[in-house]
């Protein structure tokens, strides 16, 4: 009878020990997992970054295109310097489009 009662009485006290052992055993695994999370980029983050880069690229292309169009309009009005500016802006647009995202 004592052999059965003693473990039943000690059972609540062992709960803390088991919890502590579990914490000690799983801590290194959790630490490695956290470092992996910090050092890698999730697919969601990569998608967000790519979307942001694409929007920035489109914004840059839009700005350069507007500048080129204004310079081309002035070029048609006879301003030679604006013809050269339109050509330079066209090359800048081509360079931006050639860059990988």
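In the numbering used here, the protein residues as written are 4 to 104. Every residue, glycine too, gets a C-beta built ideally from N, C-alpha and C. From a predicted model like this one, the values you see are computed outputs, not experimental measurements.
What is the DSSP secondary structure of residue 46, counted as helix, strand or coil?
-> By one-based count along the chain shown, residue 46 stands at place 43. Three-state result, residue 46: helix.
Supposed close pair residue 75, residue 89 - CB separation, criterion 8 Å = To locate residue 75, count along the chain shown from 1; it is residue 72. To locate residue 89, count along the chain shown from 1; it is residue 86. Contact check for residue 75 and residue 89: beta-carbon distance about 4 Å, within the 8 Å limit, so the pair qualifies.
Specify whether the segment 78-93 and the segment 54-64 touch according to this definition: at least 3 beta carbon pairs, one from each stretch, less than 8 Å apart.
-> No, because fewer than three Cβ pairs between the segment 78-93 and the segment 54-64 fall closer than 8 Å, the two stretches do not touch.
Nearest to residue 67 (by Cα), restricted to the options 98, 29, 104 and 103 = For the purposes of this step, residue 67 is taken as residue 64 along the chain shown, with counting starting at 1. Comparing alpha-carbon positions, the option among 98, 29, 104 and 103 lying closest to residue 67 turns out to be 98.
Opening and closing residue of the alpha helix (DSSP H) in which residue 82 lies = Position 79 of the chain shown, counting from 1, holds the residue named residue 82. Looking at the DSSP string, residue 82 is not in any alpha helix (DSSP H), and its letter there is neither H nor E.
Hey, would you say residue 69 sits closer than 8 Å to residue 93, going by beta carbons?
-> Along the chain shown, read from residue 1 onward, the residue named residue 69 stands at position 66. Along the chain shown, read from residue 1 onward, the residue named residue 93 stands at position 90. Between residue 69 and residue 93, the C-beta spacing is not below 8 Å.
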